[in-house]
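Residue numbers (UniProt numbering), protein chains in the order written: chain A, 1 to 331; chain B, 1 to 308. For each residue, glycine too, the CB sits at the ideal point set by N, CA and C. In this text the structure is predicted, and so the values were computed from the model without any measurement.
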């Protein structure tokens, strides 16, 4: 078990280093000149003023130092929690802008990820070997997984938001309400939360249901199941063992899917103009606010790493092999 | 591993892998075909993909003009006899955009899926067959890339690139979406490398790549093919997300870009359903058909899964 965690932690540490390095490298080695783009965007007519801006930005980005120094400075600033200053909302530090958006993204992500996982596995387990249910779960499941997140979001907004008028179409709360710890605000935020939540929930649901169904069928076909039924064990018992074994890959699957689910949350937020990280990323791209974009990237990476670590902890609880230290080299 | 080879980790990594060697009948090819033409899932999924591909390939040349973004007439009109899918706020023909969009969607899927499959095979075979330190290093690399959210990396890469094309988009998607497939191939190779026929080949002095491609790969060819299908579908979904965020190809049109412009110009609020329904339905149809064909293939290759 110690070895298991040592391995996992090594992977996480490496991932973080790679992510930070990628983040540092891209503006420096990609074709295109971010500084020139920013100067062009400011539409300064006098060449002297443009030149002044150019040197200001070069200095701000630290492009005037040798590369290795830039890299070290980048790490140094990062470890002090300094993500730079946002260009889009100028004097605000990137960290503060991101922290404001974070509760909305987390409030959307955590319930949709967990609920879709539980409900999906439940439906999948039920549908395995139950023909009637299986014939509906499978096609619907495949349809849901094949849908792009933003499209299902648009459809839901059109149907439940526009036509039926049940839920507001965009934003995280109504503009005439002051965000705060009041019942009015909570209700209002909740009504804005339903549609983005539903779209994330539905798309992920299909994948989990199908995965669980396939795993259960496989387990029910396996040797230990046939052996148990040859011994005359009740069907319920066999199904319970099958479920226990089938749920392990689903836990691994949850860790694997996290990065993808984050991506889904980002585009869904954009459809609903939900004030989370996704909308910030869109704004930062449209305004060429590279500090904000890079900060958001690191925030996402840190979030995914923490979530993965939590799933590893859960895995130790559900898989006895990791506890007894028998887990082999493969992670 | 990314938007969304959703069923990918499950179905692919699941031991539902097509039948291992040994059980091969006398004429594997004909048995395969026998079950393939009798599998409704495979037939339906495959036909749908072929029909959509045909529309994408044949549609554009049959149109009057080559530019799908051109102004053709009435603005924001609902579908009718002249404009099958209606027109946008700017008087563009939605049908013309749709058929051109199908083309780039298939292109990005093929490029992204193929590149990812090649990397996954190189890494997976090498790690699985050679083992040892090489396996440790490659597996570590795979895990690192697996944990980093692909879309976030693609976001910043794409944001810094000036001119973007469908092919470059496919390239970057391919470079980032291989890890889950590499892990699955590694696991399969692991179980094959100790078989007698591999030992025999090794004794006869064959090199690593010769053994991998002559002995191991053919024994999991059906598995590799199914993996490519999932990577193909995944690449299409990632590309549509990127397009939607405004990081799609800077020229031409794609289904994702259509969704983006519908969103940007408030098609939803204006009730112009014909603008945002077709592109999303197109993506869903292609990816869904691929997944269903994949299940069909799985049943064809894996006797255990065949309906009795």
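- The Cβ atoms of residue 247 of chain B and residue 302 of chain B do not sit closer than 8 Å to each other.
- At the C-beta level, residue 45 of chain B and residue 289 of chain B come within 8 Å of one another.
- When C-beta atoms of the region 190 to 197 of chain A are compared with those of the region 222 to 229 of chain A, fewer than three pairs fall below 8 Å, so the two segments do not count as touching.
- Of the candidates A:53, A:30, A:29 and A:28, A:53 places its Cα closest to the Cα of residue 40 of chain A.
- Your pair residue 98 of chain A and residue 295 of chain A checks out as a contact, with CB atoms roughly 6 Å apart and the cut at 8 Å.
- Taking the CA atoms as reference points, residue 215 of chain B sits about 29 Å from residue 249 of chain A.
- By the Cβ criterion, the region 253 to 260 of chain A is in contact with the region 143 to 158 of chain B, since at least three pairs of Cβ atoms, one from each stretch, lie closer than 8 Å.
- What residue 263 of chain B touches in chain A, judged by beta-carbon distance under 8 Å, is 150, 154, 270 and 271, going in chain order.
- Residue environment for residue 272 of chain B: buried (at least 16 other C-beta atoms within 10 angstroms of its C-beta).
- In chain order, 88, 292, 293 and 296 place their CB closer than 7 Å to the CB of residue 284 of chain A, counting only its own chain and leaving out the 5 sequence neighbours on each side.
- Taking 8 Å as the threshold, the shortest C-beta distance from residue 243 of chain A to chain B does not fall below it.
- Check the Cα spacing between residue 168 of chain A and each of A:182, A:273 and A:22: the tightest is with A:273.
- Judged by beta-carbon spacing, residue 101 of chain A lies within the 8 Å limit of residue 275 of chain A, meaning their Cβ atoms are closer than that value.
- Secondary structure of residue 93 of chain B (DSSP, three-state): strand.
- For residue 158 of chain A, the nearest CB of chain B lies under 8 Å from its own CB, placing it at the interface with that chain.
- Remark: three or more beta-carbon pairs, one from each stretch, lie closer than 8 Å, so the region 93 to 112 of chain B and the region 217 to 236 of chain B are flagged as touching.
- Any Cβ of chain B closer than 8 Å to the Cβ of residue 92 of chain A would place that residue at the interface, and such an atom is absent.
- At a cut-off of 8 Å between beta carbons, residue 308 of chain A contacts chain B.
- In this structure, the beta-carbon distance from residue 296 of chain B to residue 42 of chain B falls below 8 Å.
- Looking at the backbone, the Cα of residue 70 of chain A and that of residue 23 of chain A are separated by about 12 Å.
- Judged by beta-carbon spacing, residue 105 of chain A lies beyond the 8 Å limit of residue 305 of chain A, meaning their Cβ atoms are not closer than that value.
- In this structure residue 178 of chain A is exposed. Its beta-carbon is surrounded by fewer than 16 other beta-carbon atoms within 10 angstroms.
- Counting every other CB atom within 10 Å of its CB across the protein chains shown gives residue 263 of chain B a total of 16 or more, marking it as buried.
- Around residue 146 of chain A, the beta-carbon contacts reaching into chain B at under 9 Å are 4, 6, 233, 237, 283, 284, 285, 286, 287, 288, 289, 290, 291 and 292.
- In this structure residue 143 of chain A does not touch residue 142 of chain B by the C-beta definition: roughly 31 Å separates them, more than the 8 Å allowed.
- Shown here, residue 85 of chain A sits in a strand according to DSSP, grouped into three states.
- Going by C-alpha positions, residue 59 of chain A is about 17 Å away from residue 93 of chain A.
- Listed along chain A, the residues sitting closer than 8 Å to residue 149 of chain B by beta-carbon distance are 258, 259, 260, 262, 263, 300, 301 and 304.
- Annotation for residue 274 of chain B: the continuous alpha helix (DSSP H) segment containing it runs 273 to 301.
- By the criterion of a C-beta distance shorter than 7 Å, residue 300 of chain B is surrounded in its chain by 32, 35, 36, 39 and 42, once the five residues flanking it on both sides are discounted.
- Close to residue 104 of chain B, with beta-carbon spacing below 9 Å, lies no residue of chain A; the smallest spacing is near 15 Å.
- At a cut-off of 8 Å between beta-carbon atoms, residue 287 of chain A makes no contact with chain B.
- With the criterion set as a beta carbon lying under 7 Å from some beta carbon of chain A, the members of the region 175 to 186 of chain B are 180, in sequence order.
- By DSSP's assignment, residue 103 of chain A forms no beta bridge with any residue.
- Under a criterion of Cβ atoms nearer than 8 Å, the residues of chain B adjacent to residue 293 of chain A are, in order, 155, 156 and 159.
- Using a Cβ-Cβ cut-off of 8 Å, residue 140 of chain B is close to 10, 11 and 14 of chain A, given in chain order.
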